[in-house]
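Residue numbers (my numbering), protein chains in the order written: chain A, 8 to 265; chain B, 186 to 489. Glycine residues also receive a C-beta, built at the ideal position from the N, C-alpha and C atoms. What follows is one structure encoded as structure tokens, with my remarks underneath.
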């Protein structure tokens, strides 16, 4: 298989597996929710038989998923394109910024760059808000018991859930894609402008000595002394015994048993 | 056929476990050395449980032989109305000072699990400004779930290990599921309810995201990593960057899958993967020679 074909295969396979992974995750969550919400109608929520019964319903997709992973793993042994490094524009911009002097602030191009930065910040805030709202709506649906207590079967409930949640998920994904594309072009633009004006405003490229060895040494000695003192005080006051008594008992609340 | 055999051989040579992976596996096995517990379905009750392990490992796991630092810290804080938790603060300071986030990279079983999940060849979410922003979420979780809620509820006489109770995937996977799969523990099924449902959903979400995103839990959620990150710059072990040698090519940042801004900052887990890509050998392991040999490349360069 040629390099391009291998690369294409890897791309298709990775997208396929990503979708499959998300589906499997959703199936698990649906089954767990089903066990819980159906159990509320009866007296017993969980039992080994009920868990086995519900999880056996999704055994085929799980087996297919595992087979997909194994096949992909075997194929990747023989057809694996070499990966190269790509440095992001964000990092390149930072590198250039570290080389230029403060006079650049008055440059017209730099004022334009600042506008771009502001736009990116606004974009980021808007996307975070959109995603938070979408997540909130989905969570409200998931935690509304009435959505899962109807007499409809599992598939019907799953379809209702997808119908309700899919627009939110799509909006969220689209907003993230748009932001990523916008960020890429905005940063590329900024990088090119900075590269052009760099020779005019090149500052002193002297490396600053940030680490002060003495301060670090004093901090280390202080923390070491304090930590040893605290441990000794803790052991003497019986706190180690408290940790032991807590850890030696099964904490059902900690592990989510109830 | 011969080409396939060569490919297979090459693959095995390229993918033989690194020293870091072996240390991760040994650490996970050492934390869960009570194999008898997995068979009987009971947790270990020996004296070693008075000591905390450095990584995130649930003390309710049938195999656990040490206490979880986060669980013990929350428990101590919930009793902080009576006394200051000197012991736990001392332990965390000591671990942080000696190892920093090297613990995340080398000694955490949850980190190992996530790295293995990430090996599944799915489409991956790459790091960027959004993930960097999200990486500060773990500090919020640390403050709210590990410090604020246990102290507030503890002062009212209601001990609440809120992070363990509502979020921790290690507790669900190692503790709850580890106990429930054992046929001797069928009685535990009667205790399960909404909390377990929520925690399994959180666990599934974290597993799925760990397949799609490198160390999802460590980067965005883990409060233990957040605690150790404060010590990363002053810890005895870790990664150091020789700024005189650095040519700012950015290969180390590109190679790193964590949300670091520069080598050795608070997000760096000191895995050392950037050492091999640095063209000027400016990155080395720091630390006393008793514990760790410095980078061989640097040594060779000095000799030459």
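- One alpha carbon belongs to residue 294 of chain B, the other to residue 247 of chain B, and they sit about 15 Å apart.
- Not a single C-beta of chain A is nearer than 9 Å to the C-beta of residue 456 of chain B.
- Nearest neighbour of residue 425 of chain B by Cα position, chosen from B/450, B/334, B/402 and B/315, turns out to be B/450.
- Burial check for residue 199 of chain B: the Cβ neighbour count within 10 Å stays below 16, so the residue is exposed.
- Counting C-beta atoms within 10 angstroms of its own C-beta, residue 469 of chain B has 16 or more neighbours from the protein chains shown and is therefore classed as buried.
- Annotation for residue 150 of chain A: no beta strand (DSSP E) segment contains it, and DSSP assigns it neither H nor E.
- Under the Cβ distance rule, residue 296 of chain B does not count among the residues neighbouring chain A, no pair being separated by less than 9 Å.
- In its chain, beyond the 5 residues on either side, 458, 459 and 462 have a beta carbon closer than 7 Å to the beta carbon of residue 440 of chain B.
- Collapsing the DSSP output to three states places residue 353 of chain B in coil.
- One finds 257 and 260 in chain B with Cβ atoms closer than 7 Å to the Cβ of residue 253 of chain A, taken in chain order.
- For chain B, the residues of the segment 51-75 of chain A that bring a beta carbon within less than 7 Å of one of its beta carbons are 52, 53, 54 and 55, in chain order.
- Counting only runs of at least 3 residues, the segment 400-481 of chain B fully encloses the following beta strand (DSSP E) elements, listed from N- to C-terminal order: 423-426 and 468-471.
- DSSP, reduced to helix, strand and coil, places residue 142 of chain A within a helical segment of the structure shown.
- Between residue 259 of chain B and residue 348 of chain B, the C-beta gap is smaller than 9 Å, which places the two residues in contact.
- Listed along chain A are 259, 264 and 265, each with a C-beta nearer than 8 Å to that of residue 376 of chain B.
- Under the three-state reduction of DSSP, residue 252 of chain B is assigned to strand.
- Closest option to residue 226 of chain B, judged by alpha-carbon separation, among B/216, B/362 and B/401: B/362.
- Near chain A, meaning a CB-to-CB distance below 7 Å, the residues of the segment 317-347 of chain B are 346.
- Between residue 195 of chain B and residue 42 of chain A, the C-beta spacing is not below 9 Å.
- For residue 220 of chain A, the closest Cβ of chain B is not nearer than 9 Å.
- CA-CA distance, residue 244 of chain B to residue 357 of chain B, rounds to 11 Å.
- Each residue's CA atom was taken as its position, placing residue 242 of chain A and residue 254 of chain A some 16 Å apart.
- Closer than 9 Å to the CB of residue 246 of chain A there is at least one CB belonging to chain B.
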